[in-house]
Structures are given as structure tokens and as C-alpha cells.
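See below for the structure under consideration.
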Amino acid sequence: MKTRTDIPRSLWPRVVYLAAAGLVAATVASLTLLKSSFSVGGLWNAQAHNRRSVDLVPFNGFVDAPVWYGPVVNTLGNLALFVPVGFLAVLLWRTFTRPDPSRPA
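Take my numbering: the last position of the sequence shown gets the number 113, and nothing is skipped along the way.
Here it is as C-alpha cells:
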């Protein structure tokens with residue numbers, strides 16, 4: 009009986025991509041759901057995010073921003089959060105749809 013405890017070389021990308029996807033998912037979830045717990049320098053005030061609201065006017069945050077840099081920080085922050093999600097989605101899709109060379113056909 010043959011037992012292997014190490015991960016085959018062809019599975020390493022899958023393990024690394026899944027670990028990175030888990031880390032990115034945890035980061036996105038914590039920064040979006042727990043935003044009122046974090047305070048980053050002068051970028052945002054944690055107490056301002058304890059209020060819940062629904063904006064029914066599209067792009068009202070750009071027109072009626074409380075500070076001039078608010079829309080820029082919001083847009084760049086969303087890009088910084090969600091670009092890795094798309095990048096990892098492509099990597100995971102390619103990795104898991106490609107046949108595994110270590111498996112017999």
C-alpha cells in the first residue's frame with residue numbers, strides 16, 4: 009500500500025489559489041461588514057459608519073460628498089478590494105477547469 013503525505017506538484021497552484029481566495033474573501037468581508045470597527049488614519053472615521061442608510065439617487069455620493077476626497081477614496085478603495093477578486097476568479101477558473109495531469113484518464 010502506497011501512502012503519500014505530500015501534495016503532488018500539479019496541486020500546488022490549486023492550494024495556493026484557494027488559500028489566496030480565502031484570504032481575499034476574509035479581507036473583503038471584514039472591510040465591508042466591519043467597517044465601523046476599523047479606523048485608518050484620516051481616510052475614514054469609524055463612527056460615521058455606524059449609521060445605516062439607503063441611497064436611492066444614483067451617484068449622490070459623488071455630487072453631495074461630505075469631504076472632497078470621499079468619492080476618490082471610495083472608488084480607489086473599491087478597486088483595491090475587488091480587482092483581486094476578479095483576478096483570482098480567473099486563476100481559479102483556469103486551474104479547476106483544466107484537466108489534472110496527475111490523474112489517470
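Using N, Cα and C, we set each Cβ at its ideal position, and we do this for glycine too.
Inter-residue Cα distance where the pair is residue 38 and residue 46: 9 Å
Through-space distance from residue 80 to residue 54, alpha-carbon basis: 18 Å
Contact under 7 Å by Cβ, residue 25 with residue 100: With respect to the 7 Å criterion, residue 25 and residue 100 are classified as neighbours on the basis of their beta carbons.
Integer-rounded CB distance, given that residue 83 should sit under 8 Å from residue 21: Not really, about 32 Å apart at Cβ, beyond 8 Å.
C-beta contact flag for residue 27 and residue 96 at 7 Å: The Cβ atoms of residue 27 and residue 96 lie no closer than 7 Å to each other.
Helix, strand or coil at residue 76 [DSSP, three-state]: coil
Length of the line joining the Cα atoms of residue 62 and residue 91: 25 Å
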